[in-house]
Each structure stands twice: as C-alpha cells, then as structure tokens.
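S.K.:
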Amino acid sequence: MNWIYEDEVNRCLLCEDAPCTKACVKNLNPAKRIRSLYFDNPYGASDQLPKELCGECEAPCEKACILSKCTKPIEIKNLMEEIKKIKETEEKVDEDFEVDLSCDICGVKLENPFMLSSSVVGSNFEMIDKAFTLGWGGVSFKTICLFEQYEASPRYSALKSRTGSIYGFKNIEQLSDHALEENLAVFKQLKDKHPNKVIIASIMGRTKDEWEYLARACSEAGADVIELNFSCPNMEDGTLGVTIGQDEELIEILTRSARKGTSKPILAKMTPNVIEMSPYAIAAKKAGANGIAAINTIKSITGVNIDTLAPEPSVRGYSSLGGYSGPAVKPIALRFIAEMATSKVLEGMHLSAMGGIESWRDGLEFILLGAGSLQVSTSIMQYGYRIIEDLTSGLKGYMRERNIHSLKQLIGAASTNVVELNELERNTILFPKFNLDKCIGCGRCYISCYDGGHQAIKFDYEKRIPSLNGAKCVGCHLCKLVCPTGSISTQRKRITR
Ligand SMILES: Cc1cc2nc3c(=O)[nH]c(=O)nc-3n(C[C@H](O)[C@H](O)[C@H](O)COP(=O)(O)O)c2cc1C
516 MNWIYEDEVN
526 RCLLCEDAPC
536 TKACVKNLNP
546 AKRIRSLYFD
556 NPYGASDQLP
566 KELCGECEAP
576 CEKACILSKC
586 TKPIEIKNLM
596 EEIKKIKETE
606 EKVDEDFEVD
616 LSCDICGVKL
626 ENPFMLSSSV
636 VGSNFEMIDK
646 AFTLGWGGVS
656 FKTICLFEQY
666 EASPRYSALK
676 SRTGSIYGFK
686 NIEQLSDHAL
696 EENLAVFKQL
706 KDKHPNKVII
716 ASIMGRTKDE
726 WEYLARACSE
736 AGADVIELNF
746 SCPNMEDGTL
756 GVTIGQDEEL
766 IEILTRSARK
776 GTSKPILAKM
786 TPNVIEMSPY
796 AIAAKKAGAN
806 GIAAINTIKS
816 ITGVNIDTLA
826 PEPSVRGYSS
836 LGGYSGPAVK
846 PIALRFIAEM
856 ATSKVLEGMH
866 LSAMGGIESW
876 RDGLEFILLG
886 AGSLQVSTSI
896 MQYGYRIIED
906 LTSGLKGYMR
916 ERNIHSLKQL
926 IGAASTNVVE
936 LNELERNTIL
946 FPKFNLDKCI
956 GCGRCYISCY
966 DGGHQAIKFD
976 YEKRIPSLNG
986 AKCVGCHLCK
996 LVCPTGSIST
1006 QRKRITR
C-alpha cells in the first residue's frame, strides 16, 4: 500500500462503536476495514468488499470521524479505494481453500493458536467469556496463588511511538487478587460455557506443598494445562517468581512438586532475565514439564520524570524495576524461542510463545521459529480482544495465498535458518537501488549514509535526487531502513571476494 495511506491508517483512532461505520450509508464497515489495515491484514480489509463502493456518496463517514472534532478526519473514501485495489490484486486467491488453524498443547486441542496470556486480560469470567466468544482459542489465567496481593498505584508506564501507540509497556503488577476458590469457580463456569476452549492455570506457590496443592486444585477444577510462573519480575519476596526462574535447582524441585499434583501437561513459564534460557528449560523438562512458555516480562525502567526526578511509574516519587512487554520485546522473545526450538535436549517440548504479538504476522514469526501456540497480553490491553479477528483472518489469508492447509506445516519452518554468525555468507554486497518514481527527495537516505554509514550516497540538492557511489557502498541497508516512502529496493549483487 502507498505509504501516504499507511500514515492515514496509523492516524485512525480505532474507535469503539465507530461513528464512521454507523454513518456509512452503504454498510461498508469502514472502521473494521481500516482496523484490518492497521493490523497488517489486507485480507481482512478487503474481505467481502462489494464491487460498487462509495460512488457519489458525500462521505458522511468522514463527517462523523471523531478526529474531525480536533483535527482533520481520516480520508475514509480514499482509503476505501485503496482497499479496492488490494481486493483486485488478491482476486486470484481462492477464498474457499480450506485452512486449518488448529494445533495443540501436548495433545490438548486448540482451535487456533491464539490465547490470552496470564495477566489482567485473563482474570475473570466476563472478560474471558467475551474473548472466547470473539474467537480466542484459550487463556492462561492470571497467576493464582495462596497469599494476598497489595498492589501499588499507579502500576503501569509506557513508551509510545510518534503516532501515539504504545510499543513498550512496563508493569509492576503482581498476581491474581481473587481468592483461589473464586478463580476455581471461574474455571468451572468457563468450561461449562466453552468446553472446546483451552484453560491454562498459571500458578505460583511459596512452598513445595503449595505448588503441588495449586496444581492439583486447578486440574480438578477443569484446567487443561498447568503453567508454572517461574518468571514474574515483580514479586517482593526473594523466593518467588523470577528468582526461581534464575535457579536451575529450584526449577527442578518445584516442577517436581507441581508434577506430583497433576497429570495434566505442565508448561514452565520462563524469564528472559537470563543469558540463555535453555539450561532452565532443561531443568524443568528433567522434572516433568512438557513444555515451556516464554517470555515473561523483562526487568526495566521505562523512564524518569525530569521535573520530579521520579522513575516511572511513580509511586509517591519512587519506582522499582518492573516487567517490560509489548512490541519492543518481540525480538528478545523470538530469540529465546529460536534458541529453545533448536536445542536437541529440548526436542519434543511444546513452546508457547509470547512477547509483543500484535498482528498475525508477529504470531506467524514465532510459529515459524518453532512455537506451537501463542499468547498475548499487552496488545489486548491497548486494543481490546477484537484483535483476534485480524489475527486469525490474516493468518488464514497468508496460508491461502500459499496453498498451505494446516498451520502445523508452518511450525518451526524457519528455525534452521537461524545460524551462527560465522556461518553467514560474506562474499556478496546487495546494493540499494533508488526508485525515483517513488522517491520524494527528502534526503534522509543521504543524511543517514553520510553521518551514520559509509558516505556512499550523493545528493543532488538542485534536483533533490539521491544516487549511489558503488565504490563506497558496503550494502548495509541503513538507507533502506530510514527511507520513509519505501523507495529503495536491493536488486544488484556484487561478489566482493
Ligand atoms: C499487566 C501485566 C500483568 C501480568 N501478569 C502476569 C501474571 O500474573 N503471570 C504471568 O505469568 N505473566 C504475567 N504477565 C506477563 C505476560 O503474561 C506476558 O508474558 C508478557 O507480558 C509478554 O507478552 P505481551 O508482550 O503480549 O504482553 C503480565 C503482563 C502484564 C503486561
């Protein structure tokens, strides 16, 4: 899609009960279609699009757009025309091609790989009931324990992109603030209403007996899988959460205790606050865990208020290290999934991946690196459970386009492509190629190459056109990354050695 329209899509507020859709006299549901574009899902955006679009319509949708109250409305009519173009290019995709998103966690069937991860998004019946009804495949319930929680307020802080979306999120939240019996009753209620959805009980004990007791109680109440929270970075007590996840011996002892309490599959939820995750995952496997859930949040400080000197989130002037999540952590999560997927010792262990999944593409990347199921929190907190529509339809669209029937065919398909640095081919340079039809002459490629690269781009200030000095270019692709209009491709190759 043209970058100007991408910017327009990013301006959309993704309103609840969107006035534009209500105002549309042709029932085109522009809000849903724009939301699909926002979540990188052209298939969903163009789904069931009628041949006749807006025509002479005077765009009441744009008049209704909430943004017109404070700035200019979204150019909805133009966006609908862009979506029509997508539809035309996708006409060849067979919409009737059967696609199966189902997968399983150690034999427990999931209708699709997307689940709520253990956090506030999976903490009571009403919320999970809504999520299941919208299409989520399962939930890892907010971590259950046998001690009371006294949370700090506020408990969140965030880093935002220039368009205002949260890309890094910090929380200092602890565990479920509901009593065990209350949570177990929710499991039963959920199982009665949604027998085919998967319930993972996330638990944390203070003693071996508590781990065993919680595993047993949750299994008896209907949980399909038990997840051992060895990774919460926000516990005050030194023998809980992340402290366990950084100690192989403790992991082994406590996994063994939980194993005594249940015959259900056990996932050990791991912390990324380690150098390598495999040794800890291996300890869990030895003691009877069937899979690994990763990653929990990363210890962080998101910022310091330069007026009050209080770190964020400020609790009466003070803050603590807290768990970082959201799109910013995805590369770290992918790294750990790739590490475990290629470990021979961990072969056969289920990998339930999370960390920054916002779009179907994010989820697919984890699957390609070896994840067998996916979990999501931060993006639901920001956008709501409705993102499941684009997660599943985007993934289906990708599979249809490539004639892939079953999601299982994709699990681990890219894992062997992560190799050691010394295994990379270093004899070829891929030169940038400037597409001058698309280039608008901003000169960003030139500045970056000159000040942060190899001075290989010349800039004609009169004509505002970049050109390449092939003798200096090392093919690093910084220019391509900073180009705002996507006008740089890489087609020429040169053998350097
Ligand atoms: C507000 C909040 C509360 C969380 N609470 C828990 C928890 O109780 N137990 C747990 O295992 N993980 C907890 N997590 C971690 C998430 O389950 C998940 O591992 C992490 O946020 C990365 O996924 P995401 O980027 O999709 O949020 C919490 C995360 C957030 C943001």
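Just so we're aligned, residue 516 is where the sequence shown starts under my numbering, counting upward by one. Built from N, CA and C at the ideal position, the CB exists for glycine as well.
Specify the secondary structure class of valine 844 as computed by DSSP and reduced to three states.
M.R.: Of the three classes helix, strand and coil, the one that applies to valine 844 here is helix, per DSSP.
S.K.: What does DSSP give as the partner residue(s) for lysine 537 in the beta ladder?
M.R.: BP columns for lysine 537 are empty, so no partner.
S.K.: Return yes when at least one heavy atom of ligand 1 lies under 6 Å from the C-beta of glutamate 688, else no.
M.R.: At least one heavy atom of ligand 1 is nearer than 6 Å to the Cβ of glutamate 688, so yes.
S.K.: Are threonine 907 and asparagine 556 touching if we call contact CB-CB under 7 Å?
M.R.: Taking 7 Å as the Cβ cut-off, threonine 907 and asparagine 556 do not qualify as a contacting pair.
S.K.: Give me the Cα-Cα distance between methionine 719 and valine 933, rounded to the nearest whole angstrom.
M.R.: Computed Cα separation, rounded: 34 Å.
S.K.: Given that a residue counts as buried once 16 or more other Cβ atoms are within 10 Å of its Cβ, and exposed if not, what is isoleucine 790?
M.R.: Under this definition isoleucine 790 is an exposed residue.
S.K.: Short check: CB of cysteine 530 to CB of cysteine 576, under 7 Å?
M.R.: No.
S.K.: I'd like to confirm something about glycine 871: is its beta-carbon nearer than 6 Å to some heavy atom of ligand 1, or not?
M.R.: Indeed, a heavy atom of ligand 1 lies less than 6 Å from the Cβ.
S.K.: Terminal residues of the continuous alpha helix (DSSP H) containing serine 549?
M.R.: It should be noted that the sequence gives isoleucine, not serine, for residue 549. That run of the alpha helix (DSSP H) goes 545-553.
S.K.: Is the shortest distance between the beta-carbon of proline 748 and the beta-carbons of chain D less than 7 Å?
M.R.: In the structure shown, chain D does not exist; there is a single protein chain.
S.K.: Let me know the secondary structure DSSP gives cysteine 964 once reduced to three states.
M.R.: The answer is helix: DSSP assigns cysteine 964 an H, G or I state.
S.K.: Using a 10 Å radius around the Cβ and a threshold of 16 neighbouring Cβ atoms, would you call threonine 893 buried or exposed?
M.R.: So threonine 893 counts as buried.
S.K.: Quick check on the burial criterion: 16 or more other C-beta atoms within 10 angstroms. Buried or exposed for tyrosine 665?
M.R.: Exposed, since its Cβ has fewer than 16 Cβ neighbours within 10 Å.
S.K.: Report whether the distance from the Cβ of serine 634 to the nearest heavy atom of ligand 1 is below 6 Å.
M.R.: Yes; taking the cut-off as 6 Å, the Cβ of serine 634 has a heavy atom of ligand 1 nearer than that.
S.K.: With a threshold of 16 other CB atoms inside 10 Å of the CB of cysteine 585, please say whether the residue is buried or exposed.
M.R.: Burial call: exposed.
S.K.: Could you check what DSSP says for aspartate 522 in three-state terms: helix, strand or coil?
M.R.: If DSSP states are grouped into helix, strand and coil, aspartate 522 belongs with the helices.
S.K.: Are there any heavy atoms of ligand 1 lying less than 6 Å away from the beta-carbon of serine 888, as far as the coordinates show?
M.R.: Checking every heavy atom of ligand 1 against the Cβ of serine 888, none is found closer than 6 Å.
S.K.: Just how far apart, CA to CA, sit proline 780 and serine 680?
M.R.: Roughly 37 Å between the two C-alpha positions.
S.K.: What I want to know is whether the C-beta of threonine 893 ends up closer than 6 Å to one or more non-hydrogen atoms of ligand 1.
M.R.: Checking the Cβ of threonine 893 against ligand 1 gives yes.
S.K.: Measuring only from the beta carbon, is serine 717 closer than 6 Å to any heavy atom that is part of ligand 1?
M.R.: Yes.
S.K.: Please state whether DSSP places lysine 978 in a helix, a strand or coil.
M.R.: Note: lysine 978 maps to coil in three-state DSSP.
S.K.: Does the separation of the CB atoms of serine 1002 and asparagine 950 fall below 7 Å?
M.R.: Their beta carbons are under 7 Å apart, which means serine 1002 touches asparagine 950 by this criterion.
S.K.: Tell me whether threonine 758, by its Cβ, gets closer than 6 Å to a heavy atom of ligand 1.
M.R.: Result no, Cβ not under 6 Å from ligand 1.
S.K.: Can you tell me whether phenylalanine 662 is buried or exposed? The criterion is at least 16 other CB atoms within 10 Å of its CB, across all chains shown.
M.R.: Phenylalanine 662 should be labelled exposed.
S.K.: Given a cut-off of 7 Å on the beta-carbon distance, is the pair isoleucine 919 and valine 891 in contact?
M.R.: The answer is no: Cβ separation not under 7 Å.
S.K.: Just the Cα atoms here: how many angstroms apart are lysine 800 and isoleucine 926?
M.R.: Cα-Cα distance, rounded: 20 Å.
S.K.: Between which two residues does the beta strand (DSSP E) harbouring cysteine 618 extend?
M.R.: Where cysteine 618 is concerned, the enclosing beta strand (DSSP E) stretches over 618-620.
S.K.: Please report the Cβ distance between methionine 864 and alanine 808, rounded to the nearest whole angstrom; I am assuming they are in contact, meaning their Cβ atoms lie under 8 Å.
M.R.: Contact flag wrong, Cβ pair sits at about 11 Å.
S.K.: Can you check which of these residues, Gly990, Leu836, Val740, Ile847, is closest to asparagine 805 by C-alpha distance?
M.R.: It is Val740.
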